[in-house]
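The sequence shown begins at 0 in numbering that gives the first Met the number 0 and counts up by one.
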Amino acid sequence: MKRFTLLLFFTLLMPVVSFFSCDPPCSRQPKYFDINGMRLNNFIVSRTEFASGRFTRETEEGETVSFADHCVSVNFDVTYARREAGGFPPGTAFAESCIQPSSREKADTLFVITRNAWDATHPAGDTINDMVEAAPYASRYEDLKNFRSLMNYRAYHGSWLSSPEFVFRVSREPERKDTDHAFRLVFRLQNGTVYTAETGSIRFR
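Next comes the structure, spelled out in structure tokens:
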């Protein structure tokens, strides 16, 4: 009887332990990431697959592409950190989380700057935040409809960085599409750290 009672106790306890310890079916992954740097890349989104099997590809320096297909990827160089947390039974510790890792650092300000004159109201070196749309990702052409203005994107996602990447595009065509264009991003965290990165040059049609 005593053996049966112990067996029943551990049988009932196991699901509870599994829940708190993030064992499968939860995916075991780090809990946080820290930002160390930032990279920008021009890319295009196509309605049809490229030879790689993807619907996106990075552009070449100085390449001419359709303005409607153009996006810029923002990739943060991050270090994933594991923080121990109390588990069950008391005293047990686990390092992974069942949720998507997020940054411990918060965003403060973000400026997209055109390196070349865009139009009469946006000269070279001016911010074009008022024309920028952003989205978490763009892997297929249908994803382009998910972009929202940079202001609305920031308002929706807040200051938390839930992913080490996002994408943006410009909503208004430049006055001169046949000249080189490049973009610079200035990204400031609430801890005062500032990251800057630039794309290569690109032309539009």
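Note that the Cβ used here is the ideal one computed from N, Cα and C, for glycine as well.
Measure the CB-CB distance between residue 166 and residue 119 and report whether it falls below 8 Å. Numbered from 1 along the sequence shown, position 167 holds the residue referred to as residue 166. Numbered from 1 along the sequence shown, position 120 holds the residue referred to as residue 119. For residue 166 and residue 119, no; Cβs fall outside 8 Å.
Who are the Cβ neighbours of residue 135 in its own chain at under 7 Å, not counting the five residues just before and after it? Locating residue 135 in the sequence shown gives position 136, where the first residue counts as 1. Excluding sequence neighbours, residue 135 sits near 162, 165.
Just mark residue 51 as buried or exposed, buried being the case when its beta carbon has 16 or more other beta carbons within 10 Å. For the purposes of this step, residue 51 is identified with residue 52 of the sequence shown, where counting begins at 1. Exposed, because fewer than 16 other Cβ atoms sit within 10 Å of the Cβ of residue 51.
Can you tell which of 59, 45, 44 has its C-alpha closest to the C-alpha of residue 179? Within the sequence shown, residue 179 is the residue found at index 180, counting from 1. Comparing Cα positions, the closest option is 59.
Classify residue 105 as helix, strand or coil using the three-state DSSP reduction. Counting from one through the sequence shown, the residue named residue 105 turns up at place 106. Here residue 105 sits in strand by DSSP.
Nearest to residue 204 by alpha carbon, out of 57, 170, 72, 68? For the purposes of this step, residue 204 is identified with residue 205 of the sequence shown, where counting begins at 1. Checking every option, the nearest Cα to that of residue 204 belongs to 68.
Secondary structure of residue 136, DSSP reduced to three states: Taking the first residue of the sequence shown as 1, we reach residue 136 at position 137. Coil.
Start and end residues, beta strand (DSSP E) containing residue 149: In the sequence shown, the residue the question calls residue 149 occupies position 150. No beta strand (DSSP E) contains residue 149, which is instead part of the alpha helix (DSSP H) from 149-156.
Which residues in the same chain as residue 177 place their Cβ atom closer than 7 Å to its Cβ, once the five residues preceding and following it in sequence are excluded? Translated into the one-based positions of the sequence shown, residue 177 becomes position 178. Excluding residues within five positions, the ones whose Cβ falls inside 7 Å are 202.
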